[in-house]
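The structure appears right after this line, and notes come after that.
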Amino acid sequence: MNHTQKIQLLDAAGKWAAQDPDQETQAELQRLIERVAEGDAQAFDDIADRFSGVLEFGTAGLRAELGAGPMRMNRVVVMRTAAGIARFLAEKAAGQYIPKVVIGFDARFNSDVFAEDSAGIFAAAGFEVLLMPSPLPTPVLAWAVREFSAEAGVMVTASHNPPRDNGYKVYVGGRITGDSGRGAQIVSPIDAEIAALIDHQQPVAQIQRATEGWDVLPAPGAPGDIEAAYLAAINPVIPDAQGQEAARKNLRVVVSAMHGVGGHTMKQALLNAGFSDVHMVAEQEQPDPLFPTVKFPNPEEPGAIDLSLALARTVDADLVIANDPDADRCAAAILDGGTWRMLRGDEVGWLLGDQISKNLPEGKKLANSIVSSRMLAAIAKDAGREHEETLTGFKWISRVEDLGFGYEEALGYCVAPDLVRDKDGISAGIVLADLAAQLKAESGSLAHRLDELAAKHGVHVTDQLSLRFTDLAQIPVLMDKFRHQAPETLGGSEVSEVTDLSVGTEKLPATNAIILHTFSGARVIVRPSGTEPKLKCYLETIEPVDGLEGVRAARTRATEQVQAIKKELAAYLNAN
1 MNHTQKIQLL
11 DAAGKWAAQD
21 PDQETQAELQ
31 RLIERVAEGD
41 AQAFDDIADR
51 FSGVLEFGTA
61 GLRAELGAGP
71 MRMNRVVVMR
81 TAAGIARFLA
91 EKAAGQYIPK
101 VVIGFDARFN
111 SDVFAEDSAG
121 IFAAAGFEVL
131 LMPSPLPTPV
141 LAWAVREFSA
151 EAGVMVTASH
161 NPPRDNGYKV
171 YVGGRITGDS
181 GRGAQIVSPI
191 DAEIAALIDH
201 QQPVAQIQRA
211 TEGWDVLPAP
221 GAPGDIEAAY
231 LAAINPVIPD
241 AQGQEAARKN
251 LRVVVSAMHG
261 VGGHTMKQAL
271 LNAGFSDVHM
281 VAEQEQPDPL
291 FPTVKFPNPE
301 EPGAIDLSLA
311 LARTVDADLV
321 IANDPDADRC
331 AAAILDGGTW
341 RMLRGDEVGW
351 LLGDQISKNL
361 PEGKKLANSI
371 VSSRMLAAIA
381 KDAGREHEET
391 LTGFKWISRV
401 EDLGFGYEEA
411 LGYCVAPDLV
421 RDKDGISAGI
431 VLADLAAQLK
441 AESGSLAHRL
451 DELAAKHGVH
461 VTDQLSLRFT
471 DLAQIPVLMD
481 KFRHQAPETL
491 GGSEVSEVTD
501 LSVGTEKLPA
511 TNAIILHTFS
521 GARVIVRPSG
531 TEPKLKCYLE
541 TIEPVDGLEG
551 VRAARTRATE
561 QVQAIKKELA
571 AYLNAN
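Using the numbering used here, read the sequence shown as starting at 1 and increasing by one per residue.
See below:
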């Protein structure tokens, strides 16, 4: 960078700080500018990174580290984004109706501030605006978009990202997408249409923002309580309690909110359904944006549910349910052969899909993302139902026509698509608990049910290899390596087919992913994460099995093959 470019960069930083309505990020940027003047090269590099471009608004909305500058999450970026969304909604309405927007937020740093700024901008645009009364789970917002027939929903959350991150997730209503997308996350081309209307140079002072004019929805405990309304709506996802009261009371459940906003909602959902023996992980029950007991607030991360498992052993629990911080995901752990273990996301998907498929109306489909296990397709076939694979992400799963149940292996489950057109860790949690209660009452267990599914459909073993990067440029290099120099063998079997999804297929639109199949039936899918700086490899092997008595041996063989493939991939990626 030459001298002129450096001067221009510092000038841009100074102009940003001068208009920043947030005193904290304004002071943060001013301190960096002062350090540069003192000759601090690291401070200059920091500014250069913050002003290296703009946060791209895509199908995941926005998500980034908090801080000053156009490449961070802050009030300036959020206000410009909200103004762009307002332009989009106004264009769609074309004066024919007044757009309605529902806004929710979690308990992360500045989530409430970003939500109120957005409410002010939408109100100033003349829209009808409904603001959640307090930090509440993402599924409550997704439900409310459908419940109130809103044109859009905004959820301020970074889900399970590290503490310093925040995000801005956008949902759209039926007038824009049609009913199958009503209350679902945005997809292309809507994301591009909104992005084109975001003015990244617009001075904040020129963005009209009201200080009132929106309605705050009733708080928990108040008449019309929005959380209670959501809970009442999802309660029927499990059968009426008649005949199930004793079974539900006899199930001891441990619940972790992972320092997020789902603790009260998940506990109340269980209590409403008749599960009276509920034990909360006290250290993680209350919202805390620092997430002090976990390295990453994601139930999938090693160690994240250690406190839950410790409490489960102490109270002799039957089931552990752990939500991620915005409670749209549901993790579970069970006692299997005398040892507590966390269920893989696919295993929970099989259990829920098998259970739900038995009671769905005629014509309802089962669906999962391409990176999820192939077991659900076998379950659907056995139940005489259609099955559909989609691209990764609930923005695609939720748009499947006639969806009855959908899931993705990353702990996301849609058990009531007519209510919440997105993954919902609360409703999924009570369906799983209900199944566990039924099985316990019949002297069975979730572990035994998994064995039964394996005996019927073959042992499916899944695993994942994830590589986290600080240098994001390494990810496309590795993707190109797979495209042009794919492994010839995996797990002792020749690779039979390599499919590059970047050009799309007959059933799937283009996406940045590669699928490898082997002659043994193993499958590997490689893709960059859509929400984190990771390259992910999804592995699955299938072993045929003859009856329950053969499940254990078949599972051992399938697991050994998966581990062999994982080791080979790690070496291939120079990650071992």
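All C-beta atoms, glycine included, are put in the ideal place defined by N, C-alpha and C.
These numbers come from a predicted model, not from an experiment.
**Prompt:** Are the segment 283–297 and the segment 436–443 touching by the rule of at least three beta carbon pairs closer than 8 Å?
**Reply:** no
**Asked** In the DSSP assignment, what are the bridge partners of HIS460?
**Response** ILE542
**Prompt:** Quick one: Cα of LEU403 to Cα of SER308, how far?
**Reply:** 33 Å
**Message:** To the nearest angstrom, how far is the alpha carbon of GLY12 from that of PRO70?
**Reply:** The sequence shown places Ala at residue 12, rather than the Gly named in the question. ALA12 and PRO70: Cα-Cα distance of roughly 10 Å.
**Request:** With DSSP as the reference, label ASP328 as helix, strand or coil.
**Result:** coil
**Message:** Which runs of the alpha helix (DSSP H) at least 4 residues long sit entirely within the segment 153–230? Give them in chain order.
**Reply:** 174–177, 190–196
**Prompt:** Would a C-beta distance cut-off of 8 Å place ALA233 and LEU432 closer than the cut-off?
**Reply:** no
**Message:** Short of 7 Å in beta carbon distance, which residues of its chain neighbour ASN72, apart from the five on each side in sequence? Order them along the chain.
**Reply:** Note that residue 72 is Arg in the sequence shown here, rather than Asn. Contacts found: ARG50, ALA64, GLU65, LEU66.
**Request:** Take MET155 as the anchor and find which of ASP117, GLY178, ARG175, ALA428 has the nearest alpha-carbon.
**Result:** ASP117
**Request:** Have a look at GLY338 and LYS169 and give me their C-alpha separation to the nearest angstrom.
**Result:** 41 Å
**Item:** Same chain only: Cβ atoms within 8 Å of SER276, ignoring 5 sequence neighbours per side
**Value:** ARG248, LYS249
**Prompt:** For ASP106, which residues of its own chain have a beta-carbon under 6 Å away from its beta-carbon, when the five flanking residues on both sides are left out?
**Reply:** PRO135, THR157, VAL261, ASP326
**Request:** Please determine, among GLU506, ALA522, THR499, the residue with the shortest C-alpha to C-alpha distance to ALA513.
**Result:** THR499
**Asked** What's the gap between the Cα of GLY39 and the Cα of LEU32?
**Response** 11 Å
**Asked** Does the beta-carbon distance from VAL187 to LYS15 come in below 8 Å?
**Response** no
**Message:** I want to know whether the segment 84–103 touches the segment 219–236 - three or more CB-CB distances under 8 Å.
**Reply:** no
**Request:** Would you identify the three-state DSSP class for LYS6, choosing helix, strand or coil?
**Result:** helix
**Request:** Using the DSSP secondary-structure output, state which residues sit across from SER52 in a beta bridge.
**Result:** SER52 pairs with nothing; no bridge assigned.
**Request:** Can you give me the Cβ contacts of GLU494 inside the same chain, cut-off strictly under 7 Å, excluding the 5 residues immediately before and after it?
**Result:** GLU488, THR518, PHE519
**Prompt:** What are the partner residues of SER369, as DSSP defines its beta bridges?
**Reply:** THR390
**Item:** chain D within 8 Å of VAL156, Cβ atoms only
**Value:** The chain inventory of the structure shown lacks chain D, comprising one protein chain alone.
**For ILE33, three-class secondary structure by DSSP** = helix
**Where the beta strand (DSSP E) through TYR413 begins and ends** = 412–414
**Request:** Can you have a look at ALA575 and say buried or exposed, based on whether 16 or more other CB atoms are within 10 angstroms of its CB?
**Result:** Note that ALA575 scores a pLDDT of 48, beneath 50, so its modelled location is shaky; the value from the coordinates is reported in the next line. Its Cβ having fewer than 16 others within 10 Å, ALA575 is exposed.
**Request:** Just mark ASP306 as buried or exposed, buried being the case when its beta carbon has 16 or more other beta carbons within 10 Å.
**Result:** exposed
**Message:** Quick check: what's the CA-CA separation for ASP422 versus LEU569?
**Reply:** 32 Å
**Request:** Could you name the residues of the same chain whose beta carbon sits closer than 6 Å to that of TRP214, not counting the 5 residues immediately before and after it, in chain order?
**Result:** ALA119, ALA123, VAL129, LEU131
**Prompt:** Anyone know if the C-beta pair for LEU467 and LEU366 falls short of 8 Å?
**Reply:** no
**Message:** Whole angstroms are fine: how far does the CA of ALA454 sit from the CA of VAL524?
**Reply:** 20 Å
**Request:** Taking all protein chains shown into account, decide if LEU548 is buried (16 or more other Cβ within 10 angstroms of its Cβ) or exposed.
**Result:** exposed
**Asked** Do you know whose CA, among PRO99, GLN202, ASP354, ILE542, lies nearest LEU450's CA?
**Response** ASP354
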